Every structure is written in structure tokens, then in C-alpha cells.
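In this note's numbering, the protein residues as written are 4 to 439. Glycine included, every Cβ here is placed at the ideal spot set by N, Cα and C. Predicted, not measured: the structure shown is a model, and the values here were computed from it. Notes follow the structure.
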């Protein structure tokens, strides 16, 4: 217990609704021929025997009806924890089952003095930053794993399977215990958060390569791309080709035939973002602005798969507009280049997955390093620093709020004719798959 008052007067509601759906995908799972009539099997989902264990005591039971499950947690305080236990009912075929917790809303409710003292101005609440969940093999705060499908295992045909989702006001430690996390929980006093809990089932038969992470993929085609700055303003979640030389959104194949920028078919993938530089000083990116304000400390995964089709030593690299202190403003870019400072290289003519975090060991540099007298904003003079070191040195570091550029770039700048392919980008467990 901290010396400060920890939410002793909180009246918090964490409401959730479980949405149960039928099978959204299955193929030829069983077929029984009877007098030349073929009957397909089924995978269906049902939830029953739902109980809520709160801090070890049964109580505050969820209200169950045919539309799913809803429950409310009132007056939740730091280190409160519990579990939602249930049985999954399946149809005639064994199935993989995935689940996800998704935040659907939050509120400040009453802004009390402890929150104001910490700089809270509302109207959004902060409770979601302090709630952690554990289900399947995954553990994390709502703000980091929310919206991501996780495995809760396999369910047998025509037999109930026990499962549970655990929650904690804090963070789970290495032993699975609820412990106080980073930050001052007082900023969440009186706040509320609303969540949906969804399940998904798909057959196991003839489907050995399925993982719940597959459901997190977002398909990006040429038709989905922003091709003007107006497109980006209208929908910042879109991907786009960006010209770093003149700071413009690129229409498809803007400088063809000398250059190229489009999503095209390519061997070893189901399509890829293709960039070919038309002049020696060109710098093209496949980019997005959708990760605005994301705290660096909350980024659990950051990967990309690339194919370097050029003979030069230059490779595609990751860069994004950064705020080191959490204040919005132009502070230049963080840059992660494969093959530098001990980072694994990207061999030519080979699909390579680049892990830009790698447990915190991946090395990064800053585009403002030289102009700042060969030092970082904190005075460190090492040109390259590990992700872990940056998180420790800049605890408020995040993707910039407004000009939230994030992209994979071809061109250091140039050389002329440099060409590379980007198959996908993974950010916080979500994969954005460039598909032809």
C-alpha cells in the first residue's frame, strides 16, 4: 500500500457484455453420406454456468440471458482481482476458441481532487490503463491487449469445457499475482470503463495452422490506400505511400515507369507494398497516421516483413515521429535500421521479418542526433540506443499526437532504382497485411 490515498473513495463501474456468436468460418469439417445425401457438421458456441469470483468470494453474480452475459464491478480499488468462470458448449466438432476484451467506452464521471492534483482534466477516464486481464496464455493491461484475439484453448464436441478470464486492478507479476503497476492509480478515481467480451470458434479438423492471432490481421489493398492528404484527414487509419522528399501523399505509381509505388503480387507473399525509387534522392514510405499518442511503453510488438530486391547495401527501415516528453511538437523521428549497431541484417532477395523491439534489445537512432550536437535530448552521446534504454530514459515517450507519421521507408535517400517490398507490419499484436 502506498503512502498516498489509493482510491479509497472510488465508485467505479467496469461493465462488460459477452457477445456469443455462431461459427463464422468452417470448412468440410465432417460429412456423413447416407443414401447419397451429404450432411455437413457444425461448430456452434454457447456459454453456461457463469460465476464471478471477486477477491476470493462468490458474489456480484453476472446477469445471464439469451443475449449473452453482462456484469458490473462497483467500487473497484487497486489490487482488487477476480475471475469470470464459465463453461463453453460446442456443437458436433472439436473447435479452437478465441476471446478478446474490447473497450467500448470510458468516462471521468466526477473529477475529484486527487485526480486534479495529478493533472487530470477529463473528460476521458483512465481506469483502462490500470486494469489487467489474463486469459489463455496472454496477460496485459486493457490498453495493451484490448481488441486483440487470444486463445482460450480447444473445446471438445458436445461436451462442456471450463474456462475463465481473470482481471486485476494493477498488473500481474511473474507469479501470476495481482501487484501494483506503474503510475499513480489516484488518477483513475471515480472513473468507469465499459468492455465487450467476444468469443470466436473455428473447427480444428483440416485446420492445423490456425492461430487466434490470425484474426488480428487487417487486410490492406490498393483500393484501401489514401492517395491524397484529404483522404488521410478524413480517415487517419488508412495506409498510404508518403514521399519524404517533398512531404506529400503519393498517388499510386506517381513516377512510373521510372519509379513505382503500389501494392502488387510478389513471390512468397499474398501481395506486398512495392516501392522503386525514380531518382537518386528519393525517399518513399508505406505509412500511416493511426498510431497517434501511443505510449512507447505500451507497445508490446513491433515487427515488419520486407524483401530487399536491390543490390545496394541499403535496406528498408522503420521510422516514426516521436515525442520524448509526451508534449506534442516536432521532435523529429526515431529510426530503426536493420544491419546497424548489431541489428540483424536484411539479406538481398530474401523475405526477412524484422523485430524492432526484440525484448528491448533492438538498437534505434534519432534523426535529430547530429543537429543536436551528436547527442540525444537527455544528453546521451551514443548514436544508437536499445529500445529498453530509451524506455528508461524517456518514460513519457510516445508516437506524436498530431503529426503521427509511422512508416517503413525505402531510400536513405536513394539510390536510383532501389526497390523493396513490405509484406506486412505488426503493431501491438495487430498485423496489417498488404494484399494484392
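Could you tell me the alpha carbon to alpha carbon distance between residue 181 and residue 82, rounded to whole angstroms? 6 Å
Please report how far the alpha carbon of residue 427 lies from the alpha carbon of residue 179, in whole angstroms. 33 Å
Would you decide whether residue 377 is buried or exposed? Buried here means 16 or more other CB atoms lie within 10 Å of its CB. exposed
Per-residue DSSP class, three states only, for residue 295: coil
Near residue 134, what residues of its chain come up, given a Cβ to Cβ distance below 8 Å and the 5 sequence neighbours on each side ignored? 17, 144, 145, 170, 171, 172, 196
Taking the CB atoms as reference points, tell me whether residue 343 and residue 366 lie closer together than 8 Å. yes
Roughly how many whole angstroms lie between the Cα atoms of residue 424 and residue 299? 26 Å
If you measure from the CB of residue 103, is any heavy atom of the ligand NAP nearer than 7 Å? The model on display carries no ligand, and the ligand NAP is accordingly not part of it.
Can we say the segment 386–401 touches the segment 270–281, given the rule of at least three CB pairs closer than 8 Å? no
Would the beta-carbon of residue 320 fall within 8 Å of that of residue 397? no
Is residue 174 closer than 8 Å to residue 315 when the C-beta atoms are compared? no
Have a look at residue 193 and residue 154 and give me their C-alpha separation to the nearest angstrom. 32 Å
Extent of the continuous alpha helix (DSSP H) run through residue 395: 390–396
Alpha carbon of residue 294 to alpha carbon of residue 148, nearest angstrom: 15 Å
Give the list of continuous alpha helix (DSSP H) stretches no shorter than 4 residues that lie fully inside the segment 211–239. 232–237
Rounded to a whole number of angstroms, what is the C-alpha to C-alpha distance between residue 432 and residue 106? 16 Å
Residue 152 CB to nearest chain D CB: under 8 Å? Given the protein chain composition of this structure (a single chain), no chain D is represented.
Could you please give the first and the last residue of the uninterrupted beta strand (DSSP E) stretch that includes residue 119? Element bounds for residue 119: not the beta strand (DSSP E) but the alpha helix (DSSP H), 116–120.
Is DSSP giving residue 445 helix, strand or coil here? With the chain covering only 4 through 439, there is no way to say anything about residue 445.
Count the other C-beta atoms from every protein chain shown that fall within 10 angstroms of the C-beta of residue 98, then say buried if there are 16 or more, exposed otherwise. buried
Measure the C-alpha to C-alpha separation of residue 307 and residue 356 and round it to an integer number of angstroms. 6 Å
In angstroms, rounded to a whole number, what distance separates the CA positions of residue 112 and residue 126? 8 Å
Which residues in the same chain as residue 419 place their Cβ atom closer than 7 Å to its Cβ, once the five residues preceding and following it in sequence are excluded? 280, 282, 283
Does DSSP classify residue 190 as helix, strand or coil? helix
Tell me whether residue 423 sits in a helix, a strand or coil according to DSSP, three-state version. strand
Name, in chain order, the residues that DSSP records as bridge partners for residue 279. 263, 422
Residue 110 to residue 286 span [Cα, whole Å]: 43 Å
Excluding the 5 residues flanking residue 2 on each side, which residues of the same chain have their C-beta closer than 6 Å to its C-beta? The chain is shown only over 4 to 439; residue 2 falls outside these bounds and no answer can be derived.
Which word fits residue 291, buried or exposed, when buried means at least 16 other C-beta atoms lie within 10 angstroms of its C-beta? buried
Kindly indicate which three-state DSSP category residue 360 falls into: helix, strand or coil? coil
Can you tell me whether residue 429 is helix, strand or coil according to DSSP? strand
Let me know the secondary structure DSSP gives residue 352 once reduced to three states. coil
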